[in-house]
Amino acid sequence: MTEHNKEQNGHDARKFATKLLHFGSEIDSATGASSVPIYQASTFHHEDVFNPPVHDYSRSGNPTRQALEDYIALLEGGVRGFAYSSGMAAISSTFMMLSAGDHMIVTEDVYGGTYRLLTSILNRHGIESTFVDMTDLDQVKAALKPNTKAVYMETPSNPTLKITDIAAVTAWAKEHDLLTMLDNTFMTPYYQRPIEHGVDIVLHSATKFLGGHSDVLAGLAVARTPSIGKALKQLQNGLGTVLGVQESWLLMRGMKTLQARMNHSEQSAAVLAAWLNGRPDIERVYYPGLLDHPGREIHEKQSTGYGAVVSFDVGSGERAKQVLNKVRIPLVAVSLGAVESILSYPAMMSHAAMPAEVRQERGITDGLLRFSVGLEDIDDLIADLDQALKG
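Following this line, the structure appears as C-alpha cells:
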C-alpha cells in the first residue's frame, strides 16, 4: 500500500459517494490540476542510482496506474489494488497464485471466459477445477480434495444471477486454509464489499460498470492482506499484464459517476424485471430483486442493491433471435454495465466457450437473453422490448 493510500484509509468514515470523488489523487499535488496526470512514460530517471525513485519502469509501476490501484483498494476496503489490461488478465494473473497439482472449487455458471481459462488452458498446466452449484454449501464442501487450494465465487453469477452466501463459503474455506476469490463485476464495491465478508481477493472486469461507457478494457484486483498483495504484485510485474496509463485515466474518470449511474440503472432494472415477470410469454426471469428469487434473502444480507442486469428466457433460440433482430434501443453486443443498455445472447456471446450440454445443465438455454440496463428512459426501453417480443 502506498503512503497516499494509508492516508486515505483514515477517511473511511466518509460515505461512498464522497470517496468516489475524493480518493486521494483527485488533485495533482504538483500543479493543483483537478485530474490525475497521465504519465505517458515507459521509464523514469534515477537522480541517484543508489537511491532509486518510487517508480523506475512502467510495467513495475506508474503514477497514473498507481492512483487507480489505490482508488479501487479504498473503495473495496482492501490493502492493495492492481490494474490489468482486461478482466481476464486480472483473473488469469490471480489464478497464477496456484501451482501445478493444485485444485480449485468454482461457481458452476461462471463467466464463459473464466470457464474457458480453467478448462482449456490451466488444466493443461496441471491446475484442476471442480464446478459446483454454490447456492448449496454442501456441494461446495463435497468438492474438497486433499489438493484443494482455492475457492472462486461469482455472485450474482453470470448470466443466471445465482447467489452465493459469501460469508458462509468464506468461513468454511478458512477452516481448510483455502484462498478465496470473488468476481464482483456485477455488484461493484458500491453494492457489495466482499472483503468485509472475509474474501481474500476481489476481482473486477472494470470494462463493465466501473468504466461504464463502453470505451475502456480493464481489469482490477484487490488484496485483503499485505502478504496476498505482495504475491499479486510479484505476479503482475512478472507477467506484465498491466493496464496502460490512458486506460487507467479513463477508468478513473468513469468511476467518479459510479453511484449515480448504478442508482439510475438499478431503479430501471427493477421495473424491467417486474414487467417481464408479469408476462405470460416469458418462461423465466432472473433478477435478485424479485420477491420470488431463491437467493434474495442471502443477497440482501451481503449486498445493498440488486444491480442492473436482468436475464430472461423467451422460450426458444428462434424467439431470442427475433428479439435480438428487432430491438432498436439497446446495443446487441458482448459486454454489459454501460450508460447505454446492452442486450446479449449468452449462448453465442459470453458463454459460447461452454459446450452446449454444459450450458443447458447450468440454465444457459438457447432462449436466454441478458439485459444490462443503461441510463435510457425505462418507458422507452420497455416499449422497445415489447415490440420486439411481439415480433
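All residue numbers for the sequence shown refer to the working numbering, where the first residue is 1132 and numbers rise by one.
Quick reminder that beta carbons are idealized off the backbone N, C-alpha and C, glycines included.
For a minimum of 3 consecutive residues, which ranges assigned as the beta strand (DSSP E) are wholly contained in the region 1415 to 1452? 1415 to 1417, 1440 to 1444
Cβ atoms of S1503 and L1467: under 8 Å apart, would you say? A contact, by the Cβ cut-off of 8 Å.
message = Is the separation between the beta-carbon of Q1518 and that of S1434 shorter than 8 Å?
response = Cβ atoms of Q1518 and S1434: not closer than 8 Å.
Quiz item: In terms of residue numbering, what span does the beta strand (DSSP E) encompassing E1308 cover?
Solution: First, the amino acid is wrong: residue 1308 is Asp here, not Glu. Counting along the chain, D1308 falls outside any beta strand (DSSP E), and DSSP gives it neither H nor E.
- Item | First and last residue of the uninterrupted beta strand (DSSP E) at H1203 | For the record, residue 1203 in the displayed sequence is Ile; it is not His. Counting along the chain, I1203 falls outside any beta strand (DSSP E), though it belongs to the alpha helix (DSSP H) covering 1194 to 1207.
- Task: Could you pull out every unbroken beta strand (DSSP E) segment of at least 3 residues lying fully inside the region 1201 to 1255, listed in chain order?
- Result: 1211 to 1215, 1234 to 1238
TODO: Determine the burial state of S1358: buried for a count of at least 16 other Cβ atoms within 10 Å of its Cβ, exposed for fewer.
DONE: Exposed.
Leaving out five residues on either side along the sequence, give the residues of the same chain with a beta carbon under 6 Å from the beta carbon of P1477. P1290, I1495, L1499, R1501
Close-in-space but distant-in-sequence residues of the same chain around G1192 (CB under 6 Å, 5 per side omitted) = H1186
Open item on the list: Based on DSSP bridge pairs, tell me the residues matched to F1262.
Closed with: V1237
Count the other CB atoms within 10 Å of the CB of V1465; is the residue buried (16 or more) or exposed (fewer)? exposed
Query raised in the report: Which residues in the same chain have their Cβ closer than 7 Å to the Cβ of T1133, if we skip the five residues on either side of it in sequence?
Result: Since pLDDT at T1133 reaches only 46, below the 50 mark, its modelled position is unreliable, and the value read off the structure follows with that caveat. Counting only Cβ-Cβ distances below 7 Å, and skipping sequence neighbours, we find Q1197, D1201.
Cβ pair A1439, M1393 closer than 8 Å
In contact: A1439 and M1393 (Cβ atoms closer than 8 Å).
* To do: Closer than 7 Å by C-beta to S1336: which residues in its own chain qualify, once you throw out the five before and the five after it? Chain order, please.
  => G1218, T1316, G1350
Q.
Three Cβ pairs or more, each shorter than 8 Å: is that satisfied between the region 1269 to 1281 and the region 1225 to 1243?
A. yes
Is there contact between the region 1439 to 1449 and the region 1412 to 1425, where contact requires at least three CB pairs shorter than 8 Å?
A contact exists between the region 1439 to 1449 and the region 1412 to 1425.
In this structure, does DSSP put F1147 in helix, strand or coil?
helix
Let me check understanding here. Comparing Cα to Cα, which of L1309, L1363, S1396, V1347 lies closest to W1380?
V1347
*asked:* Along the chain, where does the alpha helix (DSSP H) containing S1074 start, and where does it finish?
replied: Past the boundaries of the shown model lies residue 1074; the chain is included only from 1132 to 1522, so the question cannot be answered.
For A1221, does the count of other Cβ atoms within 10 angstroms reach 16, so buried, or fall short, so exposed? buried
With K1272 as the anchor, note down where its alpha helix (DSSP H) starts and where it stops.
1268 to 1273
Cα-Cα separation between S1166 and I1158, rounded to whole angstroms: 6 Å
- According to DSSP, residues forming a beta bridge with H1395: DSSP output for H1395 lists no bridge partner at all.
**Asked** From T1195, R1211, L1462, pick the residue whose C-alpha is nearest to that of L1334; which is it?
**Response** R1211
Notebook entry, point to check: Of all Cβ atoms in chain D, is any one closer than 8 Å to the Cβ of A1148?
Noted result: This model lacks chain D altogether, as it is built from one protein chain only.
Whole beta strand (DSSP E) runs in the region 1285 to 1351 with 3 or more residues, listed along the chain? Counting only runs of at least 3 residues, the region 1285 to 1351 fully encloses the following beta strand (DSSP E) elements, listed from N- to C-terminal order: 1310 to 1314, 1332 to 1336.
Quiz item: How many Å lie between N1136 and S1223 at the Cα?
Solution: For N1136, the predicted structure reports a pLDDT of 46, less than 50, and the residue's modelled location is therefore unreliable. A value from the coordinates is still provided. Cα to Cα, N1136 sits roughly 26 Å from S1223.
Beta-carbon proximity of G1505 to E1471, cut-off 8 Å: yes
Inset, instruction - Check the DSSP bridge columns for I1473 and list the partner residues they point to. - result: L1462, S1503
**Prompt:** Do L1529 and H1307 have their CB atoms nearer than 8 Å?
**Reply:** It is not possible to answer for residue 1529, since the shown part of the chain is limited to 1132 through 1522.
Need the endpoints of the alpha helix (DSSP H) that G1369 sits in, please.
1357 to 1370
Open item on the list: Please state whether the Cβ-Cβ distance between I1297 and L1313 is less than 8 Å.
Closed with: In this structure, I1297 lies near L1313, with their beta-carbon atoms less than 8 Å apart.
field: Cα-Cα separation, L1407 to P1425
entry: 17 Å
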